[in-house]
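J.: Residue numbers (my numbering), protein chains in the order written: chain A, 1 to 128; chain B, 129 to 256. Each residue gets a CB set at the ideal place from its N, CA and C atoms; glycine is no exception. None of these values were measured; they are calculated from a predicted model.
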DNA sequence: TCAACTCTTCTACGGTTCGTAGAACAATGA
DNA sequence: TCATTGTTCTACGAACCGTAGAAGAGTTGA
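#1: Under the three-state reduction of DSSP, which class applies to residue 241(B): helix, strand or coil?
#2: Just verifying my parser: in three-state terms, what is the DSSP assignment at residue 24(A)?
#3: With a cut-off of 8 Å, does the C-beta of residue 34(A) fall near any C-beta of chain B?
#4: By Cβ distance, which residues of its chain are closer than 6 Å to residue 63(A), with the 5 residues on each side in sequence left out?
#5: Taking a contact to mean a Cβ-Cβ separation below 8 Å, would you say residue 67(A) touches residue 79(A) in this structure?
#6: Out of 57(A), 20(A), 2(A), 52(A), which has the shortest C-alpha to C-alpha gap to residue 11(A)?
#7: When the cut-off is 8 Å and only beta carbons count, does residue 93(A) lie next to chain B?
#8: Could you work out which residues of chain A lie near residue 231(B), taking near to mean beta carbons separated by less than 7 Å?
#9: Skipping 5 residues on each side, what residues in its chain have a beta carbon closer than 7 Å to that of residue 21(A)?
#10: Using the Cα positions of residue 109(A) and residue 232(B), report the straight-line distance between them to the nearest angstrom.
#11: Note down, in chain order, each residue of its chain lying with its Cβ closer than 6 Å to the Cβ of residue 48(A), except the 5 sequence neighbours on either side.
#12: Mind checking the region 194-223 of chain B against chain A and listing, in chain order, the residues whose C-beta falls within less than 7 Å of any C-beta there?
#13: Once DSSP output is grouped into helix, strand and coil, what is the label at residue 11(A)?
#14: Chain A beta carbons: is any one of them nearer than 8 Å to that of residue 133(B)?
#15: Can you pull the chain B residues whose beta carbon is under 8 Å from the beta carbon of residue 99(A), in chain order?
#16: Using a Cβ-Cβ distance under 8 Å, would residue 124(A) count as near chain B?
#17: Using CA atoms only, rank isn't needed, just tell me which of 241(B), 242(B), 145(B), 251(B) is closest to residue 111(A).
#18: Classify residue 126(A) as helix, strand or coil using the three-state DSSP reduction.
#19: Count the other CB atoms, across all protein chains shown, that sit within 10 Å of the CB of residue 34(A); report buried if there are 16 or more and exposed otherwise.
#20: What is the DSSP secondary structure of residue 95(A), counted as helix, strand or coil?
#21: So, under 8 Å CB-CB, residue 117(A) and residue 234(B) are touching, yes? Tell me the CB distance rounded to an integer number of Å.
#22: Secondary structure at residue 176(B), three-state DSSP: helix, strand or coil?
#23: Please report the straight-line C-alpha distance between residue 50(A) and residue 24(A), rounded to a whole angstrom.
#24: Determine whether the Cβ of residue 10(A) lies closer than 8 Å to any Cβ atom of chain B.
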């Protein structure tokens, strides 16, 4: 149950970007303005969504365990459960985990990584 | 357009496993017997599917670029476009590629890899 | 060449997920 | 208490997936 729809992803991107907790209203506004004034190519356009739409999406993200909300405050505040990096890394593990031959996959993976990333990896692995 | 349904995945698994080209009929039989005689837990049970079902799935996989078929031979023969490892590694890159801070994700990723895998990675990267 | 058979394509339906939002209900402030 | 603001419920249409019948096309034995 990992994959996100387009709007769901846009919302997560906002939560990850300014990583404070946000209200549905704030998010709706950001969705409207983000990538709107600049005819952004890949952006998720600047449509004025109904707040309920945003709320529905947030509920779904909550159910998926990606978002948690403070129910105490009156306009509930929503925030990402984990950072984008954590989440992405987790996804990578998920993908990798489903393979019988993990090491072969890793080999393949490493083979197509940029040199600078390879360098980063060497450092992280405690360069021999 | 990356994610696969359960049956689609089962078919890919078969194509990857015995990695010869196979006909729809062969695949249907294998789907029926694989993981059937042993009450396998996670397996995709041993139901007798209609051949057309398998064909539909194969067509969809073809459209997704995961499978190619030989149209020349009469019972068309289907095979995976890339190996499971290639495919999985590609998926990992896809996941990683969508992140703004790739290196941070890699850091996170490496942090939760098993020691033996870390060792493998060192070898692959290292030859220092 | 014709009939029987095999295989593929077309079409379709029900379930699930996602984008979208109205209607109704709850809380909060003046 | 009333108006405002926010939340939950419910719902609908599109897309994707599992599933398969009906019809069309190729193959082959007689």
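T.: To lay it out plainly:
#1: coil
#2: Under the three-state reduction of DSSP, residue 24(A) is assigned to helix.
#3: no
#4: No residues qualify anywhere along the chain.
#5: yes
#6: 57(A)
#7: yes
#8: 117, 120
#9: 70, 77, 78, 79
#10: About 17 Å.
#11: 32
#12: 212, 213, 214, 216, 217, 219, 220, 221, 223
#13: helix
#14: In terms of beta-carbon proximity, residue 133(B) stays away from the interface with chain A, with every pair separated by 8 Å or more.
#15: 212, 213, 216
#16: Residue 124(A) counts as touching chain B.
#17: 251(B)
#18: coil
#19: buried
#20: helix
#21: Rounded, the Cβ-Cβ distance is 6 Å, consistent with contact.
#22: coil
#23: For residue 50(A) and residue 24(A), the gap between their C-alpha atoms comes out near 10 Å.
#24: The beta-carbon of residue 10(A) is placed no less than 8 Å from the nearest beta-carbon of chain B.
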